[in-house]
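Numbering-wise (numbering that gives the first Met the number 0), the sequence shown opens with residue 0 and increments by one.
By construction, the Cβ of each residue, glycine as well, lies at the ideal position given by its N, Cα and C atoms.
Heads up: the structure comes next, in structure tokens.
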Amino acid sequence: MSKFYILLFLLSPYIIVAQQTLKGKVYDDVTTVKGARIYNETQNTIEFSNDEGNFSIEAEIGDRLVLHSLFHNKLHITVEAVHFKNTFVFELTKFTNELDAVEIIKREDRKFDSIAVVTQTNNQIANDVKNRPYLYSAPSNGNMDFVAIAKLIGKLFKKKKSTPEISYAAADDFKKLFEKDQFFTPKMLSEELGIAKDHQFLFFEYCSAKNIHIKLISEQRSMELLELFLTYSKEFNTLIEKNTKD
């Protein structure tokens with residue numbers, strides 16, 4: 000029995016630094032923050048705060064955590080022993096949307112038209128089929144109406160403004176962003192935005208038609224981009240559902 004206690008004593012430093020559950024509460028200067036994203040960079044795990052701002056995440060001393068939400072700046076934390084004592088409070092600071100007025104597109108200009116008014120784009124779609132056949136090929140499950148979806152996206156492109164002072168991001172810009180950026184990753188695209196692998200480039204085409212200023216990518220304005228991606232991914236997935244044949 001004495002040998003057991005000696006072994007336990009020798010191993011105690013390793014037990015102390017083993018993975019534990021860090022419990023926290025996220026506030027800003029007004030109230031608790033619902034839906035804050037808590038990302039353990041060291042272990043590549045993600046959790047979110049609940050309606051009361053509470054969360055729990057597995058971590059070890061020395062792990063790097065990043066906390067943020069759509070409306071708050073990032074908070075970088077190095078996990079210390081004190082963080083495991085009771086529920087630790089983390090405070091986020093709000094950020095101000097600094098998009099220039101010239102970059103904001105009127106909502107009525109970005110409204111998505113119904114299929115009934117797309118007949119005027121037939122010639123445009125016929126040419127597009129020749130240039131970009133990958134958008135119109137049959138999907139792997141054989142039940143997606145890609146032509147209908149592409150027609151709708153083509154209608155969006157017709158609404159693009161030709162103002163030379165404004166540069167909009169193209170589908171390839173979004174593709175490169177999710178391939179190379181540390182924040183916008185393929186995992187975020189598939190899991191958090193819910194975009195199926197077979198539909199990802201079509202989603203980039205959809206975002207391109209939405210007139211997103213290239214500055215949001217070139218200046219790494221991640222929070223503003225994320226807010227747009229969350230909105231457009233919901234619209235896009237709804238479009239996919241509506242154009243799925245029984």
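- Taking C-beta atoms under 8 angstroms as the contact rule, Val78 and Asp62 qualify, at a distance of about 4 angstroms.
- Shown here for Gly23: same chain residues with a beta carbon closer than 6 angstroms to its own, the five before and five after excluded, namely Phe54, Phe87, Phe89 in chain order.
- Of the other Cβ atoms in all chains shown, fewer than 16 fall within 10 Å of the Cβ of Ser217; this residue is therefore exposed.
- Note that the C-beta distance between Thr92 and His67 is not below 8 angstroms.
- Per the C-alpha coordinates, the member of Leu176, Ala80, Ser232 positioned closest to Gln19 is Ala80.
- With fewer than 16 other CB atoms across the displayed protein chains lying within 10 angstroms of its CB, Val29 is exposed.
- Boundaries of the beta strand (DSSP E) around Ser55: 53 to 58.
- In this structure, Ser221 sits away from Gly193, with a CB-CB distance that is not shorter than 8 angstroms.
- Exposure of Leu229 is indicated by the presence of fewer than 16 other C-beta atoms within 10 angstroms of its C-beta.
- A straight-line Cα-Cα distance of about 11 angstroms links Ala35 and Leu74.
- For Glu204 and Phe173, the gap between their C-alpha atoms comes out near 9 angstroms.
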